[in-house]
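*Asks:* Have a look at this one.
There are 2 protein chains.
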Amino acid sequence: MKEVLKDLDKAFENRIRLGIMSALVVNDYIDYTSLKELLDVTDGNLASHLKSLEKCGYVSYEKAFVDRKPNTNYSATEKGKEAFIKHIKAIEQLLQ
Amino acid sequence: MKEVLKDLDKAFENRIRLGIMSALVVNDYIDYTSLKELLDVTDGNLASHLKSLEKCGYVSYEKAFVDRKPNTNYSATEKGKEAFIKHIKAIEQLLQ
Numbered sequence: 002m003k004e005v006l007k008d009l010d011k012a013f014e015n016r017i018r019l020g021i022m023s024a025l026v027v028n029d030y031i032d033y034t035s036l037k038e039l040l041d042v043t044d045g046n047l048a049s050h051l052k053s054l055e056k057c058g059y060v061s062y063e064k065a066f067v068d069r070k071p072n073t074n075y076s077a078t079e080k081g082k083e084a085f086i087k088h089i090k091a092i093e094q095l096l097q
Numbered sequence: 002m003k004e005v006l007k008d009l010d011k012a013f014e015n016r017i018r019l020g021i022m023s024a025l026v027v028n029d030y031i032d033y034t035s036l037k038e039l040l041d042v043t044d045g046n047l048a049s050h051l052k053s054l055e056k057c058g059y060v061s062y063e064k065a066f067v068d069r070k071p072n073t074n075y076s077a078t079e080k081g082k083e084a085f086i087k088h089i090k091a092i093e094q095l096l097q
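Chains as they are written, first to last, in this note's numbering: chain Y, 2 to 97; chain S, 2 to 97.
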């Protein structure tokens, strides 16, 4: 069990970050506003969790304009997808 | 997704606490020393996570003596088992 626990990634312990990554692994990208609605979180909360995932190199973003309004698209990096899959597999193993 | 996120229990976000509960739902009880070895954590670390699970009413303990040495047996309460199953189901739903 200690080996499995080591595969659990601290970056995904928080439930908001778990939600962000779950959404980003099944979608190529999600814009900020949709992500906020999907997770039902405040701006400050979402921004801070996105920033911490960016710092880990798990999430990247691209600024875009929709009807002249700025919006930002977020996606999971390859590194982020791999780390998330490893984390989820560890949870599954833990429960077997 | 926001509904599912609400079912994630903050008490189980930490990976040590996730490990403790995983071990206690599949065993009637585990003594402190075995739990410590199983999870490969320090005394201080294990004690503080056990205390926080006790405070939630998720874990209970019973003092015992083995060969005149004190040992403590930990088990998951019914409330703890229910909360943990709800948490795990939420993680599974999040990934569907």
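Think of the CB as a built atom: it goes at the ideal place given N, C-alpha and C, for glycine as much as any other residue.
Taking only three categories from DSSP, how would you classify residue 14(Y)?
*Replies:* Three-state result, residue 14(Y): coil.
*Asks:* Taking its Cβ as the centre, do 16 or more other Cβ atoms sit within 10 Å of residue 68(S), making it buried, or is it exposed?
*Replies:* Residue 68(S) comes out exposed.
*Asks:* Between which two residues does the beta strand (DSSP E) carrying residue 75(Y) extend?
*Replies:* Residues 70-77.
*Asks:* Work out the CA separation of residue 9(Y) and residue 62(S) for me, nearest whole Å.
*Replies:* Looking at the two C-alpha atoms, the distance is approximately 26 Å.
*Asks:* Which bits of chain S does residue 20(Y) rub up against, with CB to CB less than 9 Å?
*Replies:* Ordered by position in chain S, the residues that pass the 9 Å Cβ test against residue 20(Y) are 2, 3, 5, 6, 9, 95.
*Asks:* Can you confirm whether residue 54(Y), when its beta carbon is compared against all beta carbons of chain C, has any partner nearer than 7 Å?
*Replies:* In the structure shown, chain C does not exist; the protein chains are Y and S.
*Asks:* Would you call the CB atoms of residue 20(Y) and residue 6(Y) closer than 7 Å?
*Replies:* No.
*Asks:* Find the residues of chain Y that neighbour residue 41(S), judging by a C-beta separation of less than 7 Å, and give them in chain order.
*Replies:* Result: 3.
*Asks:* Got a sec: which bits of the segment 57-86 of chain S sit with their beta carbon under 7 Å from any beta carbon on chain Y, in order along the chain?
*Replies:* So nothing in the stretch comes that close.
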